[in-house]
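The structure under discussion appears below in the form of structure tokens.
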Amino acid sequence: MQKLPKIQDFKVPENYFDSLPDNIMDKVSPQRSFYWMKYAAAAAILVVSLGVWQFNSSSSQYEAISMDEEVNLFIESQYWTAEDVLSMVDNPEEILDQIIAEEMVYEVDIVDENDQNWY
Amino acid sequence: MNKNGDQEILELIKDPKTREMGFRQLILAYQKRVYHVIRRMVLIHEDADDITQNTFIKAHHYIDKFQGQSSIFTWLYRIATNESLSFLEKKKKRFFFSIDDHQEKMESYIDQPGNIDGDEIQRLLQKTLLTLPDKQRLVFHLKYQEELTYEEMSEITGTSVGALKASYHHAVKKIEQSLAKE
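Protein chains in written order, with my numbering: chain A, 1 to 119; chain B, 120 to 301.
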């Protein structure tokens with residue numbers, strides 16, 4: 001092995017070993033604040049998602065109310081006729097039958113009341 | 120650093136109040152040796168810097184599990200050599216998919232002025248070392264350059280003394296043959 005010379009080390013940038021301990025300590029020290037940040041981030045996400053959910057649900061409620069009001073407005077102002085409203089629903093025949101049945105019951109009730117009066 | 124110095128550092132690290140100070144002392148005591156053992160394997164300073172930092176970060180993470188059966192130095196060398204070998208392994212796998220040949224990059228790094236002090240023989244020696252398999256190169260550095268005992272090397276690499284002797288013998292033979300050709 002005497003034939004082989006010792007291998008010289010590669011050159012190291014100046015002051016590298018002066019700053020290396022700080023560079024390493026910076027990466028290992030903030031562990032505690034990192035854990036704290038993790039929980040803070042989780043809490044923040046929870047708050048934001050709750051907020052978004054709340055906002056979404058309340059705004060859809062708001063939309064539903066305003067839609068009903070709008071429909072009523074159209075009907076009350078007689079902009080839509082009964083035929084118009086019926087033509088907009090999926091099952092106009094069924095609704096029509098339902099309305100007729102309700103009115104029939106009303107009529108039957110009146111007859112009954114009259115019968116009672118006869119007694 | 121001697122056993123007493125190691126013991127002092129470990130005592131400081133055990134106490135939460137002096138833990139940071141103790142770890143800083145550990146870095147100061149071993150940073151040069153750890154850096155150079157890594158640099159000899161990966162050659163390029165920026166890579167050696169990353170791996171040295173990772174080695175100490177891992178050491179910080181696992182220091183409580185360090186039982187003190189071996190010296191801190193062999194324990195740190197074990198982390199450092201593992202990190203270096205897996206870095207080189209990763210670079211080789213990546214070469215399959217990219218045109219960036221890390222082996223060529225390391226070879227041309229030797230030729231770049233300012234990276235090595237010394238003559239043509241030093242460059243030739245470094246280039247010859249690069250032709251060895253990574254583990255053989257590591258064994259050569261630990262024995263020839265660091266002058267470690269086979270027992271220490273066995274502890275660091277997790278390889279039997281017999282296998283290490285054979286590996287070192289092969290490495291020296293290849294280097295001598297290669298230098299004789301030039």
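Ideal placement from N, C-alpha and C gives every residue a C-beta, glycine not left out.
Asked: Can you give the Cα-Cα distance for residue 285 of chain B and residue 259 of chain B, rounded to whole angstroms?; Found: 11 angstroms
Asked: Is it true that the CB of residue 269 of chain B sits closer than 9 angstroms to the CB of residue 280 of chain B?; Found: yes
Asked: Quick check: what's the CA-CA separation for residue 148 of chain B versus residue 159 of chain B?; Found: 19 angstroms
Asked: Using a C-beta cutoff of 9 angstroms, does residue 207 of chain B count as contacting chain A?; Found: no
Asked: Taking DSSP's pairing of strands, which residues face residue 235 of chain B in a bridge?; Found: A:10
Asked: Let me make sure I understand the geometry here. Which of B:295, B:289, B:162, B:150 has the alpha-carbon closest to that of residue 231 of chain B?; Found: B:162
Asked: Looking at C-beta atoms only, is the number of pairs between the stretch 4-20 of chain A and the stretch 244-259 of chain B that lie closer than 8 angstroms three or more?; Found: yes
Asked: Please tell me whether residue 168 of chain B has its Cβ less than 9 angstroms away from any Cβ of chain A.; Found: yes
Asked: Quick check on residue 15 of chain A - is its C-beta less than 9 angstroms from some C-beta in chain B?; Found: no
Asked: Mapping the DSSP letters down to three states, classify residue 77 of chain A as helix, strand or coil.; Found: coil
Asked: For the alpha helix (DSSP H) holding residue 297 of chain B, just list the boundary residues, first then last.; Found: 280-300
Asked: In three-state terms, what does DSSP make of residue 136 of chain B?; Found: coil
Asked: Please give the ranges of any beta strand (DSSP E) in the stretch 124-189 of chain B, keeping only runs that are unbroken, at least 3 residues long and fully inside the region.; Found: none
Asked: So is residue 205 of chain B buried or exposed if we call it buried at 16+ other beta carbons inside 10 Å?; Found: exposed
Asked: Counting only Cβ pairs nearer than 9 angstroms, list the residues of chain A close to residue 158 of chain B.; Found: 9, 10, 12
Asked: In terms of alpha-carbon separation, which member of A:69, A:13, A:52 lies closest to residue 165 of chain B?; Found: A:13
Asked: Can you tell me the Cα-Cα spacing of residue 142 of chain B and residue 23 of chain A, whole angstroms?; Found: 13 angstroms
Asked: Helix, strand or coil for residue 4 of chain A, going by three-state DSSP, please let me know.; Found: coil
Asked: Within this structure, are the beta carbons of residue 197 of chain B and residue 146 of chain B separated by less than 9 angstroms?; Found: no
Asked: Use the C-beta contact count for residue 111 of chain A: other C-beta atoms within 10 angstroms, 16 or more gives buried, fewer gives exposed.; Found: Any reading at residue 111 of chain A needs caution, since the residue's pLDDT is 48, under 50, leaving its predicted position unreliable; the model's value is listed next. Classification for residue 111 of chain A: exposed.
Asked: I want to see whether chain A comes within less than 9 angstroms of residue 298 of chain B, judged by CB atoms only; does it?; Found: yes
Asked: Quick check on the DSSP output: the alpha helix (DSSP H) that includes residue 224 of chain B runs from which residue to which?; Found: 221-230
Asked: Is the Cβ-Cβ distance between residue 20 of chain A and residue 168 of chain B less than 9 angstroms?; Found: yes
Asked: Identify the contact partners of residue 24 of chain A in chain B, using a Cβ-Cβ distance below 7 angstroms as the criterion.; Found: 146, 172, 175, 176
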